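The numbering used here numbers the first residue of the sequence shown as 17 and each following residue consecutively.
We put the beta carbon where it would ideally sit given N, CA and C, even for glycine.
Computed from a predicted structure; not experimentally measured.
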Amino acid sequence: MIDLWNPDTFSAELKRALKAKSKLVFDYHSEACKLMDEHLNCLPYQSLKPNRFYTDFLSFQEYELAPILAGTRIRAWHYTRLLDYEAAAMQQGLVASSLEFLKKRLNDLVDMNLLFQEEADKVFQDSPFQSQGDVRLGRFWTITVPLPYCNPSVSLLLGNWGGESAYFWLSDKALAKKLRNLGVPRILEIETALSDDLNAFSASRTVLEAWANKLGVPVVPTGCDLAITNCLGTARLLRVHTEGERTFEAIATTYPRGVHEKTTLQSSVR
């Protein structure tokens, strides 16, 4: 298992490929930084100029790096709000999003007298799953670089039970407030493969940014969203970090080890 943002964890095969193309990685990202700076500071306004290293860089990314990553297992992160029994159930296996699973979760809340039946029906009816199933169902969403619990990108996921499937289009404000009071914020630390669809190619961006950072280019490894689908059965829940625990607040700052150093501009060791 590797951390996409941390070159120290890369496999020998991955390091060999990156070392062989270090000059290309350095040149591409250096050029990208220069072009973006020019774009943001030019007067009058000019469109962002093309990167002259793009073609060779894309070829390396697509035909050399992505195939290596397709056989690699990585650490990923899932931000959610769960009741205790739901967090415990996650230990037995991760479940992809579906209308059936949402319905079951809502029925469980009714059985525990945490929601009225009409409230559960309202959440179900207003779910984005009803009309966006083609892009939402059958997936378990993760991100490749850990974010602190206070990051705006994940605050709504941690603050509302059921995730976007439950709160995103919910029009009843009183019911929405109920969802905010159910469960506890959790960050799931997951080991997964990258064999699904374009996941290996998507993940390669973070790897290349991390390598460029190691080479001294002022670029921060950014994460990407990964939808675990066909390989969900082989994914493994490593740990559940719950609000109130030391590691929950430490994620993306001091946990995992080296995360702050590797995901900021402080790293400039060639």
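When we look at the beta-carbon of Y271 and count the other beta-carbons within 10 Å, is it buried (16 or more) or exposed? Answer is buried; the Cβ neighbour count reaches 16.
Pull up the distance between the alpha-carbon of F264 and that of N123, whole angstroms please. 29 angstroms
So, with DSSP's three-state summary, where would you put P201? strand
Got a sec? Which residues, its chain only, sit under 8 angstroms from T245 by beta carbon, not counting five neighbours each side? A112, G154, R155, F156, D212 and D213, listed in sequence order.
Does the distance from the CB of T158 to the CB of A92 come in under 7 angstroms? Taking 7 angstroms as the Cβ cut-off, T158 and A92 qualify as a contacting pair.
Pick out whichever of K194, A219, V233 and G274 has its Cα sitting closest to the Cα of A48. V233
Per DSSP, what kind of secondary structure is V139 in: helix, strand or coil? If DSSP states are grouped into helix, strand and coil, V139 belongs with the helices.
How about T222 and P237: do their beta carbons lie closer than 7 angstroms? yes
If you check the beta carbons only, do Y43 and F69 fall under 7 angstroms apart? Note that residue 43 corresponds to Asp in the displayed sequence, not to Tyr. In contact: D43 and F69 (Cβ atoms closer than 7 angstroms).
Of the residues V200, P60, Y183 and R252, which one's Cα is nearest the Cα of K193? Y183
Hey, quick one: how far does the beta strand (DSSP E) through F156 stretch, first residue to last? F156 to I159
Kindly indicate which three-state DSSP category E134 falls into: helix, strand or coil? Three-state DSSP puts E134 in a helix.
Tell me which residue opens and which closes the beta strand (DSSP E) that A243 is part of. D241 to I244
With H, G and I counted as helix, E and B as strand and the rest as coil, what does DSSP make of Y61? coil
Considering only residues of the same chain and omitting the five flanking positions on each side of L173, which have a CB-CB separation below 8 angstroms? Y95, T96, R97, G179 and E180
Apart from the five residues just before and just after A7, which ones in its own chain have a Cβ nearer than 6 angstroms to its Cβ? Given that the chain is displayed from residue 17 to residue 286, the structure contains no residue 7 and the question cannot be resolved.
Outcome for T88 when other beta-carbon atoms lying within 10 angstroms are tallied against a minimum of 16: buried
Report the residue from R252, E261 and A268 whose alpha carbon sits nearest the alpha carbon of A105. R252
Does the Cβ of A136 have 16 or more other Cβ atoms within 10 Å, making it buried, or fewer, making it exposed? By the neighbour-count rule (16 or more Cβ atoms within 10 Å), A136 is buried.
Selected residue, minimal CA-CA separation from C6, among S147, S187, R202 and D150: Residue numbering for the chain in the displayed model covers 17 to 286; residue 6 lies beyond these limits and cannot be assessed.
I believe V256 touches A36 by the beta-carbon criterion, under 8 angstroms. Please report the beta-carbon distance rounded to the nearest angstrom. About 39 angstroms separates the two Cβ atoms, so there is no contact after all.
Leaving out five residues on either side along the sequence, give the residues of the same chain with a beta carbon under 7 angstroms from the beta carbon of V235. The answer, listed in chain order, is H45, C49, E225, A228 and N229.
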